[in-house]
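Chains as they are written, first to last, in the numbering used here: chain P, 1 to 179; chain U, 1 to 254; chain A, 1 to 171. Encoded as structure tokens, the structure appears first; notes follow it.
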């Protein structure tokens, strides 16, 4: 992997910008958190389709030989570059198609407390945009995946965990629809 | 005035900088003390990884990839664009998204300017002197031009000017030769008036409002050959602010 | 060395579906191609590229009992389990470059399927570095521009500006 200079910005600007995006969605969708989750995933998907080019251009990495290698690439290179964290990969299924990412730190959720409305902690996945980012970027390199959060410290859970499953490798090279 | 609905927008998701007493440094506390600070209705992880257990200065010098910001900001623009009808509408929405940041950053700025390194640990929660909020326009503008810009963009803004027209003594201009938020953005030709730094204008507006200076701030393209994305933030203070400014001037308040 | 740094004639970018999404000449004096010519060129190259991928010969997987390595090119049965690409660790690529006495066309296809075609003087050196830098500029000023729609023609003023400035800086 090539070592390139990564341009930086103040982390708080990123955190607060993500916060204002989620807050805006909560307002636009009238605190229907299922809809907010969906919209965050969609936004992430749009980002992922673009971000993958940045990832490939700046990291210079090649194609992964298998899904385990892909998981390593996501956790150790992708998250490191874009969020400066390295989630732990764990809980592989025996067929090597599903794994979990455990986030010790999550810059997107720094300074965040969910609304105390009796619902947000049960319904909102604050960092759901990340699931979409993985889905969008992997689709561009011919992998259809599914990703969702199963726990979040913002909900009072002890860990923040995302589950990632490989659905299939995409054979054709037709362009995906933009959402 | 747009103040009431705007404040309402920031209630739901609180990025804790304003949600908590920011003038109170978080030091080692007993569990009971922590409990008293938390909203009783929210569950917390057993390892107590909540915003109240982490120091507010934890991320003070933290950095993240500029690409991440660019993608988030870009998606904010795309999302906003789908829900508006014109350029002005889009800028208004971006402004509104920046506004709550201004309110929060203001508190963060004061907190950090009063609690410098050692004093943050030694000062007790109540005895520290209240932060000096700007009372005069020029002090406020310097706060924006310097500390705010440095917090957000790691450098001061490039210029601060007062309107030379006698008709608009309430107008000030803050110039950024190369706004970070616009680095990767090329507006389409039919939207050449658009300036996505309206987001930053909203941040400025939030800071001013938070200080009690009713203001309208807008971002304008003023390109030069050397600085193609040079942006001027036009800060227009409301009449009550100008009135007060005259009173303070006479009273000799700095 | 002047001969190493000059000689970048033009660039075209082809999307996944084979559509021309960007075309720019960096030097005057090139034979003028019409937009239509470029569209045809993009489509044709895209097709030829795909063909060169699909005709990549496979060789039989080495058996414990050594058998004579016939050069049987299984062009019609790429799924044959007894065969493999030479050098299985290296992914199959398509046409990488075309060269005449007067110019060289270098193709770089990203893992997402976008193609960058760079026309240079045959003597121009470090073409890979140039294309890599173009890919980075594309990732910055095209992909991070919210007004750019994926797979659509690239009209990003900042991309044009930075690309031009960078290439001029090299010359």
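Glycine included, C-beta positions come from ideal geometry on N, C-alpha and C.
Interface annotation for the segment 138-168 of chain A against chain U: 139, 140, 141, 142, 143, 144, 145, 146, 147, 148, 155, 156, 157, 158, 159, 160 and 161, criterion Cβ-Cβ distance under 9 Å.
Here the alpha carbon of residue 95/P sits roughly 32 Å from the alpha carbon of residue 114/A. Residue 34/P counts as exposed, since fewer than 16 other C-beta atoms from the protein chains shown sit within 10 angstroms of its C-beta.
Taking C-beta atoms as the reference points, residue 161/P and residue 151/P count as a pair closer than 7 Å. At the C-beta level, residue 60/U and residue 7/P stay beyond 7 Å of one another. Remark: C-beta atoms of residue 145/U and residue 160/U approach each other more closely than 7 Å. Sequence-ordered contacts of the segment 91-123 of chain A with chain P read 91, 110, 111, 112, 113 and 114 [C-beta pairs closer than 8 Å]. Think of a sphere of 8 Å around the beta carbon of residue 71/U: the chain A residues whose beta carbon falls inside it are 144, in chain order. What residue 219/U touches in chain A, judged by beta-carbon distance under 8 Å, is nothing: the nearest beta carbon there is about 16 Å away. Each of 51/P, 36/P and 85/P was checked against the Cα of residue 22/P, and the nearest Cα belongs to 36/P. Under the DSSP assignment, residue 71/P falls in the alpha helix (DSSP H) whose first and last residues are 67-72. Secondary structure of residue 141/A (DSSP, three-state): helix.
Our two residues, residue 244/U and residue 138/U, have alpha carbons roughly 13 Å apart in a direct line. Close partners of residue 141/P in chain A (Cβ separation under 8 Å): 111 and 112. By the Cβ-count criterion, residue 218/U is buried, with 16 or more other Cβ atoms from all chains shown falling within 10 Å of its own Cβ. Against chain A, a Cβ distance below 7 Å from residue 77/U picks out 146.
With three or more CB-CB distances shorter than 8 Å, the segment 136-144 of chain A counts as touching the segment 177-187 of chain U.
For residue 35/P, the uninterrupted alpha helix (DSSP H) run begins and ends at 33-59, by DSSP. Annotation for residue 207/U: the continuous alpha helix (DSSP H) segment containing it runs 198-210. With respect to chain P, the C-beta atom of residue 85/A has no partner C-beta closer than 7 Å.
By the Cβ-count criterion, residue 51/A is exposed, with fewer than 16 other Cβ atoms from all chains shown falling within 10 Å of its own Cβ.
Within 7 Å of the CB of residue 49/P, the CB atoms of chain A belong to 150, in sequence order along the chain. In the structure shown, residue 25/A falls within a strand segment according to DSSP collapsed to helix, strand and coil. Annotation: residue 214/U is outside any alpha helix (DSSP H) and is labelled neither H nor E by DSSP. Cβ neighbours of residue 154/P within its own chain (closer than 7 Å, five residues either side excluded): 109, 112, 114 and 126. Looking from the CA of residue 20/P, the closest CA among 58/U, 52/U, 103/U and 43/U belongs to 103/U. Proximity of the segment 198-207 of chain U to the segment 215-233 of chain U meets the contact definition, three or more beta-carbon pairs being nearer than 8 Å.
By the criterion of a C-beta distance shorter than 7 Å, residue 76/P is surrounded in its chain by 86, once the five residues flanking it on both sides are discounted. Here residue 60/U carries a coil assignment [DSSP, helix/strand/coil]. Between residue 165/P and residue 48/P, the C-beta gap is not smaller than 7 Å, which leaves the two residues out of contact.
Taking 8 Å as the upper bound for CB-CB distance, residue 45/A and residue 14/A are in contact here, some 7 Å apart. Rounded to whole angstroms, the Cβ separation of residue 105/A and residue 123/A is 14 Å, and the two are not in contact under 8 Å. Remark: C-beta atoms of residue 201/U and residue 233/U approach each other more closely than 7 Å. Within chain P, the C-beta atoms nearer than 7 Å to that of residue 135/A come from 57, in chain order.
Cα atoms of residue 30/P and residue 17/P: separation of roughly 20 Å, rounded to the nearest angstrom.
Not a single C-beta of chain A is nearer than 7 Å to the C-beta of residue 179/U.
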